[in-house]
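For reference, the structure is listed below as structure tokens.
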Amino acid sequence: MSRRLAEKFRAQIEKVALGQLRLVPIRSGDPSDPDVTNAEIAINGDFDGPKPFREIAATMPRLKWIHSASAGLNDIASRDLVERGVWVTNSAGVYAPSMVEYVLAMLVIAERNLPGWLAAQRERRWLPWTAFPDGELYRKRMGIIGYGATGRYLAQAARALGMEVWACRRTPALIGTEPLDRLLTAFEIPTLLEACDYVVVAASLNSTTRGLISTDELRRMKPGAILVNIARGKIVDEAALISALRDGRLRAAILDVTSVEPLPADSPLWDMPNVFITPHISGNTRGGYQRTVDLFCANLRLYLAGQPERMGNLVDLRSHL
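So our numbering is basically just the index in the sequence shown, starting at one, shifted up by 567.
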């Protein structure tokens, strides 16, 4: 596990382990490091090294279980791990409250023109209420691409604020069982794009979602719509997004993720007035980290009891290749 996670949660994890394992931080991913090669369990999250974790995992012959401290698995998924039968769990749903609060807060910031009002405060100017055209979320239509645990939590919160909510998901479900006004298949994404005031990307990154939102999709979006990406940067074609923002078809973009992270200093996105950028922090709260460690500890009890098949949030890596 990373040094930061080890420092924060060592006592909690060791209390569950009851001396059956030794907790060590992965410092560099160096395959000559015996702590790496001898590890049986790994937590991938907040990692200190430069390599994708799947490359480090390839040097760990004794590895039996990986827990991802995030929902996404693009840093882990490999055919090698599938063929070796390594158990994989993730933190899907763990960060949903934090990420949903982020989405709604950023949409309020955009709709209420808070940057303008805060600039006026710094300049000690008491402007008339007409200075900035304020909008609201009420009765707007939100479209969610990627309807997993976070998407479902977002749908519930958005409807509570009086919004109409559509979503697209890969597998069908009965609309009556979901907090949605309309549930679409992945093939109907164009319909969602054309109809929604806000489009929130919450899908996992894999071979089918890479570049999913590109020039044609952005052209289909409702004029004046806002795009929100809390998933992975490579799902959205960044060059196409910049073009759509420059020509005014999109009102704004809220980006917690970018195709390259950290976002290069020369990216045009930094200086665009209709772009809100945060450094992949939508789920990073103290509560979120605590929930993922709680999940890991619950699974660790099952693993040590010889019941890994009962662990929560088990993932089939084949669907993430």
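The beta carbon of each residue, even a glycine, is placed where N, CA and C say it ideally should be.
Anyone know if the C-beta pair for residue i and residue j falls short of 8 Å?
i, j, result
"Y705", "L681", "no"
"I643", "F863", "no"
"V653", "K618", "no"
"G800", "T825", "yes"
"N796", "D823", "yes"
"G710", "L759", "yes"
"W684", "R708", "no"
"A584", "N880", "no"
"L867", "V649", "no"
"Q579", "L871", "no"
"V655", "R858", "no"
"G713", "A798", "yes"
"L674", "G612", "no"
If you draw a straight line from the C-alpha of residue i to the C-alpha of residue j, how long is it?
i, j, result
"S635", "P628", "18 Å"
"T604", "E703", "54 Å"
"L794", "E574", "37 Å"
"I623", "E607", "13 Å"
"G791", "W696", "22 Å"
"C735", "A698", "37 Å"
"G815", "L640", "34 Å"
"E755", "S834", "32 Å"
"P757", "N773", "19 Å"
"I593", "P875", "23 Å"
"T776", "K582", "40 Å"
"A820", "L590", "41 Å"
"R621", "L721", "30 Å"
"N657", "D647", "18 Å"
"A865", "P601", "27 Å"
"R877", "E731", "37 Å"
"A677", "Y765", "11 Å"
With a 10 Å radius around its C-beta and 16 neighbouring C-beta atoms as the bar for buried, classify residue i as buried or exposed.
i, result
"D861", "exposed"
"S886", "exposed"
"S665", "buried"
"S637", "buried"
"L888", "exposed"
"L817", "buried"
"E761", "exposed"
"L751", "buried"
According to DSSP, simplified to helix, strand and coil, what is residue i?
i, result
"T738", "coil"
"R877", "helix"
"N796", "strand"
"T776", "coil"
"S826", "coil"
"M709", "strand"
"R818", "strand"
"S886", "helix"
"E581", "helix"
"V670", "helix"
"P810", "Here the sequence assigns Ser to residue 810, which means Pro is not the residue at that position. Helix."
"S635", "strand"
Quiz item: Touch check for the segment 846-866 and the segment 815-832: three-plus C-beta pairs under 8 Å?
Solution: Here the segment 846-866 makes contact with the segment 815-832; the two share three or more CB pairs at distances below 8 Å.
Are at least three pairs of beta-carbons, each pair with one atom in the segment 780-794 and one in the segment 804-816, less than 8 Å apart? Yes, the segment 780-794 touches the segment 804-816.
**Asked** Is the segment 683-691 touching the segment 661-674, taking contact as three or more C-beta pairs under 8 Å?
**Response** With contact defined as three or more Cβ pairs closer than 8 Å, the segment 683-691 and the segment 661-674 are not in contact.
Should the segment 788-808 be called in touch with the segment 743-756, which here means at least 3 C-beta pairs below 8 Å?
Not touching, per the Cβ criterion.
| query | Would you call the segment 752-771 and the segment 717-728 touching, i.e. three or more CB-CB distances under 8 Å? | reply | Remark: three or more beta-carbon pairs, one from each stretch, lie closer than 8 Å, so the segment 752-771 and the segment 717-728 are flagged as touching.
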